[in-house]
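Contents: one structure, followed by commentary.
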Amino acid sequence: MTQGLVDEQTAEDESHLAGDRRLNQAVNDVSYDPQGRRHAVPQNRHVGARRMAPLILSRYTIVSALGKGLDETYRALRSRRSGLRPCDFEDVGIATHIGRVDDVENVLVGGGSASTELEQFDCRNNRLALLGLRQDGFIQAAIKARERYGAHRVAVILGSSTSGILETEHAYCRRDPATGALPSSYLTSHRYTHNMFSSAHFVRTYLGLRGPAMVISTACSSSAKAFATAARFIEAGFCDAAVVGGVDSLCLTILYGFASLELMSSGPCRPCDENRDGLTLGESAGFALLEKSKHVGQRGAVALLGYGESCDGYHMSHPHPKGTGAIRAMQAALLRSGLTSGDIDYIHLHGTATRANDSIEDTAVHSVFGPSTPCSSTKGWTGHTLGAAGVTGAVIAAMCLTRSFIPGTVNTTRIDPSLRSRVLLENREQPVRRVLSNSFGFGGNNCSLIFGTV
Amino acid sequence: MTLYVNGIGILGAGLAGWAGSRAVLAGESPPCEAAPPEPNASVLPPNERRRSSETVRWALHVAQEAMKQAEVDAHEVASVFASSDGETGVLDRLCTALATPQRTISPTLFHHSVHNAASGYWGIATGSQQSSTVLACYDSSFCAALLEAAAYTHIEERPVLLVAYDLPPPPPLYAARPLRGGFAAALLLTRNSGPHNLTQLDIALSNDLSDEATSMDDSRLEALRSGNQAARSLPLLAAIARQCDTLVRLEYLEDQHLVIRVMPC
């Protein structure tokens with residue numbers, strides 16, 4: 001049987017698309033200058049042809065320094081309890097805080113009848129992935145999707161920036177002094193631990209899925225872009241549903257790497273604070289099951305409404321000073337969703353708490369949304385979980401929608417007066433219908449996602 | 455799903471550039487013994503080229519070749535980069551440094567270690583702000599990238615540059631991942647038919663694995679194909695080179711085949 005292009009696209013869908021083309025011409029026709037004045041902008045951008053059909057997040061979950069699963073995460077956000085602590089990862093001697101997940105060390109990858117096949121995946125990154133899969137009934141939901149669509153019709157598209165590099169770091173400490181060779185146990189496990197595909201390989205093996213799979217690795221935008229690719233794969237007919245998300249775990253590379261760039265805060269990070277002094281690193285694993293609404297649509301369900309991807313084309317580790325790449329990603333997400341900037345109730349900022357990121361993201365957000373759309377960064381709770389930051393933002397966005405809640409910004413005492421967007425310090429309880437979440441990465445790689453209820 | 459190839463770049467031992475490799479891939483002339491080529495990647499400004507890794511230069515070299523052939527403005531082209539193992543040379547230096555008591559690493563080494571280094575440098579070299587996706591799928595990385603590029607050009611209605619590349623890792627890592635020869639290939643893909651089309655591709659995923667995946671007739675090319683994920687593109691490139699209607703089957707993981715009908719334009 002050959003599966004390729006969608007062959008079931010109905011006449012109804014076609015007319016829907018024609019309508020969307022018209023819609024695109026009417027959206028997003030204003031921008032804001034630094035003084036907050038609205039200006040018309042020319043309509044010559046081409047960032048995707050049409051509005052996407054919403055895709056339901058029929059199940060989603062997250063594990064981070066805030067806790068395991070949606071309820072623990074929500075309680076920590078609601079009670080403004082940060083998950084950051086002084087660095088106690090291995091023997092790392094850097095004066096900083098981290099967002100470490102408890103008990104990752106105790107997770108058993110393998111066990112049971114399938115143990116041999118799964119045990120080879122054992123490493124911190126896949127332990128964290130498994131801890132994530134086990135929350136909120138995600139495994140059961142994925143198995144149900146496998147039964148509904150068939151194992152070949154469910155994709156696994158995850159994001160990660162460093163995969164299981166910790167295994168390689170450890171192996172390099174145990175090289176043969178005479179030959180320089182790495183330990184033999186590492187040589188056989190490398191494919192299943194450090195190789196960049198490892199997390200998706202593990203998750204699809206664990207869930208018994210046989211559809212298209214990949215790991216997207218564009219630094220800190222990785223797991224946001226996994227949503228975009230999954231949406232395309234579903235629309236193209238390469239699969240009917242997708243397990244999307246991402247996992248990144250603490251390792252020496254990122255701790256000493258960000259220290260070398262002098263981008264790390266000495267204490268818990270303070271996004272948007274006038275005295276912010278850098279980011280705090282964390283780790284997380286998050287997953288969502290994406291399906292077409294005609295299969296699982298129910299009133300009030302959370303859906304992916306739009307995505308926008310772009311590059312800065314500027315520098316490997318510094319964002320474009322005018323935020324033009326970020327602006328492009330947010331505008332593309334609005335166009336894809338058929339929404340205007342005024343339809344967005346809350347912006348979940350990338351908000352890493354470095355001087356440059358927060359200031360340039362503010363410029364970009366203000367240029368697209370003006371001075372009144374509420375926005376905040378949750379990095380003061382979770383730390384920056386790098387390749388998993390996108391899915392962390394996605395799951396927090398979903399919780400805002402279902403729990404009528406907007407998180408403020410923790411650890412921050414005074415918002416940088418030079419920022420012009422409406423950064424919230426305090427949490428809010430209010431109905432939320434549409435959330436945009438930003439993820440920006442090294443290499444100038446940007447992705448914005450829009451979630452809403454349908 | 456139908457798409458068109460408007461430009462091709464290729465770099466590997468005995469395969470330096472599409473024009474010079476076409477006859478070898480078509481089976482019209484035998485592959486010659488050749489040392490691994492040196493990428494030139496002149497698209498990078500000299501100071502960036504000096505700083506960049508060999509992996510980045512291989513990727514950008516073929517990217518540049520495909521773009522030139524297609525005569526398309528880089529600002530209008532999105533990209534999909536596919537590498538199984540990424541910056542292994544940088545990772546080796548990084549992990550060596552982290553195994554010393556001081557653990558001192560340079561900022562440059564760190565930001566060059568990301569899997570999307572080549573994509574980032576492509577953006578810097580061209581100034582393009584279009585989407586760039588970088589993915590890994592072990593030995594099926596090229597296949598995964600072809601699917602992503604096909605979906606992208608159809609749905610986002612924009613040409614896509616696909617770049618697949620991997621180099622043999624340095625000695626200690628080579629034993630963990632013995633990628634045998636360096637290889638890089640690039641395809642400029644579009645959904646629109648036009649004067650620049652070289653080849654039409656009709657692609658579909660299939661669960662039917664009863665027919666074997668396509669391999670290379672020549673043993674040297676087959677060794678290259680089986681030794682490096684990026685060279686898993688060779689059967690497709692050979693079919694394009696032969697310029698006749700051909701069916702190519704590429705393995706996508708152990709579970710599916712990507713079936714590609716290759717038709718000259």
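Line by line, the protein sequences give chains A and B. In this text, residue positions in the first sequence follow the working numbering: the first is 1, and each later residue adds one. In this text, residue positions in the second sequence follow the working numbering: the first is 455, and each later residue adds one. By construction, the Cβ of each residue, glycine as well, lies at the ideal position given by its N, Cα and C atoms. These numbers come from a predicted model, not from an experiment.
Mind checking whether residue i and residue j have CB atoms under 8 Å apart?
i, j, result
"A:L424", "A:P371", "no"
"A:I415", "A:C272", "yes"
"A:R59", "A:D136", "yes"
"B:A412", "B:L479", "This structure cannot settle anything about residue 412 of chain B, because the visible part of chain B is limited to 455 through 719."
"A:F121", "A:F202", "yes"
"B:P613", "B:E530", "yes"
"B:L615", "A:Y172", "no"
"A:G351", "A:S367", "no"
Using a Cβ-Cβ distance under 8 Å, would residue i count as near chain A?
i, result
"B:Q682", "Looking at the sequence provided, one finds Asn at residue 682 of chain B rather than Gln. No, no contact with chain A."
"B:A693", "no"
"B:C486", "no"
"B:S687", "no"
"B:F564", "yes"
"B:I559", "yes"
"B:C719", "no"
"B:S496", "no"
"B:M455", "yes"
"B:A571", "yes"
"B:Q710", "yes"
"B:V510", "no"
"B:G466", "no"
"B:V459", "no"
"B:L749", "Since the displayed chain B opens at 455 and closes at 719, residue 749 of chain B lies outside it and no answer follows."
"B:L600", "no"
"B:G574", "yes"
"B:S567", "yes"
Please decide whether residue i counts as near chain B, where near means a Cβ-Cβ distance under 8 Å.
i, result
"A:E169", "yes"
"A:T352", "no"
"A:L182", "yes"
"A:K68", "no"
"A:M196", "yes"
"A:A213", "yes"
"A:H152", "yes"
"A:C311", "yes"
"A:N357", "no"
"A:R175", "yes"
"A:L23", "Note that A:L23 has pLDDT 34, beneath the 50 cutoff, so the model's placement of it is unreliable and no number is given."
"A:Y206", "no"
"A:T324", "yes"
"A:T453", "no"
"A:R80", "no"
"A:R422", "no"
"A:Y346", "no"
"A:L187", "yes"
"A:Y60", "no"
"A:M264", "no"
"A:S367", "no"
Can you round the beta-carbon distance between residue i and residue j to whole angstroms, since I take them to be within the 8 Å contact cut?
i, j, result
"A:A213", "A:A155", "6 Å"
"A:L209", "A:R148", "Not a contact, Cβ separation roughly 12 Å."
"B:S738", "B:A590", "Nothing can be reported for residue 738 of chain B, as the shown portion of chain B is limited to 455 through 719."
By a C-beta neighbour count over all protein chains shown, 10 Å radius and 16 as the cutoff for buried, is residue i buried or exposed?
i, result
"A:Q140", "exposed"
"A:R127", "buried"
"A:S284", "buried"
"A:P54", "buried"
"B:C597", "buried"
"B:E610", "buried"
"A:P407", "buried"
"A:G313", "buried"
"B:D527", "exposed"
"B:S673", "exposed"
Under 9 Å, CB to CB, which of the residues in the region 576-589 of chain B have a partner in chain A?
Taking 9 Å as the Cβ-Cβ cut-off against chain A, the residues of the region 576-589 of chain B that qualify are W576, G577, I578, A579, T580, G581, S582, Q583, Q584, S585, S586, T587, V588, L589.
Taking a cut of 8 Å between CB atoms, which residues from the region 603-633 of chain B lie near chain A?
The region 603-633 of chain B vs chain A, Cβ under 8 Å: A604, A605, Y606, H608, I609, E610, E611, R612, P625, P626, L627, A629, A630, R631.
Give the residues from the region 216-230 of chain A that approach chain B closer than 7 Å (Cβ to any Cβ), ordered along the chain.
So the close ones are I216, S217, T218, A219, K225, T229.
If the cut-off is 8 Å on Cβ atoms, which residues from the region 116-149 of chain A count as contacting chain B, listed in chain order?
Correct list: empty, as no residue qualifies.
Below 7 Å between beta carbons is the criterion; list the residues of the region 231-260 of chain A that meet it against any residue of chain B, in chain order.
Residues of the region 231-260 of chain A with a C-beta atom less than 7 Å from some C-beta of chain B are R232, F233, E235, A236, F238, L252, T253, Y256, G257, S260, listed in chain order.
Quick one: which residues of the region 432-444 of chain A get their C-beta closer than 8 Å to a C-beta of chain B? List them in chain order.
Contact annotation: in the region 432-444 of chain A, residues whose CB is within less than 8 Å of a CB in chain B are G441, F442, G443, G444.
Interface positions of the region 539-555 of chain B facing chain A (Cβ-Cβ less than 9 Å), listed along the chain:
Hits within the stretch, in order: D539, G540, L545, D546, L548, C549, T550, A551, L552, A553.
With 9 Å as the limit, tell me which residues of the region 653-665 of chain B have their beta carbon closer than that to any beta carbon of chain A; keep them in chain order.
Under the 9 Å Cβ criterion, the region 653-665 of chain B contributes D656, I657, A658, L659, S660, N661, D662.
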